[in-house]
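Quick note on numbering: the sequence shown equals residues 6 to 482 in this note's numbering.
Where is the CB? At the ideal position from N, CA and C, for every residue including glycine.
Note that the structure is predicted; figures quoted are calculated from it, not measured.
Report on one structure; see the data block that follows.
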Amino acid sequence: MQATLLVVDDDRDIREIIRQVAEIKDYEVIEAEDATVGLEKMRTMAPDLSILDVGLPGGIDGVELCQQIHEISPQHPVLIISGQATPEKAVEALKHGAFDYLGKPLNLEKLMLLVDRALSNVATAREIERVSDERKAVYGFDRLIGSCKQMEQVKDTGRKVAAVPSATVLLTGESGTGKELVAHAIHLASPNADKPFVEVNCAAMPEQLLEAELFGYEKGAFTDAKQRKRGLFEVASGGTFFLDEIGEMPLNLQVKLLKVIEERTFRRVGGTQPLQMKFRLIAATNAQLMEQIEQGKFRRDLYYRLAVFSIHLPPLRERNHDTVTIAQHFVDKFNREFGKSIKGIAPDAERLLISYNWPGNIRELRNAIERAVLIGAGPYIQSADLAILPMQDSPTPSKASMPEQDIDAMMMNANDGFQIDVPQNGVNMEEVEKQLIRIAMRHCHNNASAAARFLRMTRETLRYRLKKYGIREEIET
Ligand SMILES: Nc1ncnc2c1ncn2[C@@H]1O[C@H](COP(=O)(O)OP(=O)(O)OP(=O)(O)O)[C@@H](O)[C@H]1O
Ligand SMILES: [Mg+2]
6 MQATLLVVDD DRDIREIIRQ VAEIKDYEVI EAEDATVGLE KMRTMAPDLS
56 ILDVGLPGGI DGVELCQQIH EISPQHPVLI ISGQATPEKA VEALKHGAFD
106 YLGKPLNLEK LMLLVDRALS NVATAREIER VSDERKAVYG FDRLIGSCKQ
156 MEQVKDTGRK VAAVPSATVL LTGESGTGKE LVAHAIHLAS PNADKPFVEV
206 NCAAMPEQLL EAELFGYEKG AFTDAKQRKR GLFEVASGGT FFLDEIGEMP
256 LNLQVKLLKV IEERTFRRVG GTQPLQMKFR LIAATNAQLM EQIEQGKFRR
306 DLYYRLAVFS IHLPPLRERN HDTVTIAQHF VDKFNREFGK SIKGIAPDAE
356 RLLISYNWPG NIRELRNAIE RAVLIGAGPY IQSADLAILP MQDSPTPSKA
406 SMPEQDIDAM MMNANDGFQI DVPQNGVNME EVEKQLIRIA MRHCHNNASA
456 AARFLRMTRE TLRYRLKKYG IREEIET
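Encoded structure:
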């Protein structure tokens, strides 16, 4: 390891001898004969470690110097050396932030051993800090791009619950809105960030397997249980357990989970000994749990237990201005990944990003931008690169009929359980009705009776509207 040592001692011979042994190890040595010069070199040359003599000329001794150095660099390792090696001095030095104390005459071997160890501790601490900063940058709340009011609220609540490691959290929101990202962020912002984060998707496996995975089992609990197995609840000990798609959890298991939360204990399958629930539970769902409760598919009591802190992730279509910011963030990301240098997003493509309704939310946006960066030839992403169909081409639809592909996009959404995208500056209700009727007529091959059924209106009402909007004429010509 290459490192620079600052040696402050008024005794030239001592400085020289430390230099000689240090240089054998490839360390660079900076010398200073008193505290003032030492501080100056500390500031200008930023050494990695300092060796300070206690008795220095000029009024500032080594212990005081150690304190002043720590004002400049709090973590800087300092080794104190002294001719008057008394236990009191040693204690004083350690109290003032030195990592060790060595008497003179110096045992050079020991000196270098202490230096090596201190430097390697610093390197490890730096590495840990770097890694955890990286993890935070990758998964922390800072990674949640967007500044709309709803997202600010998400981050604010998220940070608050993170601080309480026993609090259960329910994350709701459509697919691709960032629930998993928030779950990671809560974990990383909690005091237990260095403990495990365990994740299980309730939709991914059949009931019995899911139960065995979560709770673990004792040998002989069932035919395949050849050996005792720890459950993931145990693996998550001290950390966070993320139960994704909780809406898919079978009712039987919901009862068992409720019991875990209420009693804060659980047992392995086939086991008798209660184990402590030592993790924070975060559950997520993109389903309408309230509807599922009405239908008897989800237990109300479990819902209330989970939703002590409930965080709702807004769909992207409600975050119009964030869409462009997030898109730009993905442009930068994929530029780096693919070694491209797309400068940004052209205005028409921006408009398309804002008007589109993003059923797949940020995941869909991410994919669209990934593709656009990959295939984009020009300096700016054009709307054609985005491969998405606009819901509303312009904020105020013109009287002219919509292009074919727009109608298809609306059709798709109408079939999809109905989603209407409302542009920022409002819509013309009549225009919406007109477009809907056009879609219905197209869908029903211009059969007015079928279209009326499709729109749940009487034939008379439809006929009246067709006439009002002049749609018949459009069809017939
Ligand atoms: N605010 C955000 N800023 C930047 N990227 C985001 C943001 N929210 C989500 N993403 C990214 O969008 C993608 C989807 O997010 P995530 O997997 O967290 O969604 P989800 O809500 O868990 O979806 P699903 O319900 O389908 O599991 C991920 O790549 C994630 O990193
Ligand atoms: Mg998810």
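Inter-segment contact for the segment 93 to 103 and the segment 65 to 79 is present: three or more beta-carbon pairs are separated by less than 8 Å.
A contact between stretches requires three or more CB pairs, one per stretch, nearer than 8 Å, and the segment 107 to 120 meets this requirement with the segment 82 to 95. At least 7 Å separates the beta-carbon of residue 386 from that of residue 361. Take residue 196, set aside five residues on each side of it, and the residues of its chain with a beta-carbon closer than 8 Å to its own are 168 and 170, in chain order.
Taking each of 78, 189 and 36 in turn and checking the Cα distance to residue 198, the smallest one comes out for 189. Ordered by chain, the residues meeting the criterion of a beta-carbon within less than 7 Å of a non-hydrogen atom of ligand 2 are 184, 185, 249 and 289. Between residue 57 and residue 32, the C-beta spacing is not below 7 Å. For residue 360, the three-state secondary structure derived from DSSP is helix.
Contact between the segment 200 to 208 and the segment 336 to 356 is absent: fewer than 3 CB-CB pairs across the two stretches fall below 8 Å. In this structure, residue 162 has its CB at a distance of at least 6 Å from all heavy atoms of ligand 1. Residue 274 is positioned such that its CB atom lies closer than 7 Å to that of residue 226. Burial check for residue 390: the Cβ neighbour count within 10 Å reaches 16 or more, so the residue is buried. If you keep only unbroken alpha helix (DSSP H) runs of at least 4 residues inside the segment 89 to 129, you get 92 to 100. Relative to residue 440, the option among 473, 180 and 303 whose CA is nearest is 473. In the three-state DSSP reduction, residue 281 falls in the strand class (E or B).
DSSP places residue 31 outside any beta strand (DSSP E), giving it a letter other than H or E. Ranking 437, 435, 316 and 116 by CA distance to the CA of residue 185 puts 316 first.
Residue range 325 to 343 is occupied by the alpha helix (DSSP H) that includes residue 335, with no beta strand (DSSP E) assigned at that position.
Inclusion of residue 149 in the 6 Å shell around ligand 1 follows from its C-beta lying nearer than that to a non-hydrogen atom of the ligand. Annotated three-state conformation of residue 235 is strand, per DSSP.
As the crow flies, the alpha-carbon of residue 194 is around 28 Å from that of residue 215.
With a contact defined as Cβ atoms closer than 8 Å, residue 254 and residue 271 miss out at about 15 Å. Residue burial is scored here from C-beta neighbours: residue 129 has fewer than 16 other C-beta atoms within 10 angstroms and is therefore classed as exposed.
Relative to residue 15, the option among 59, 120, 240 and 176 whose CA is nearest is 59.
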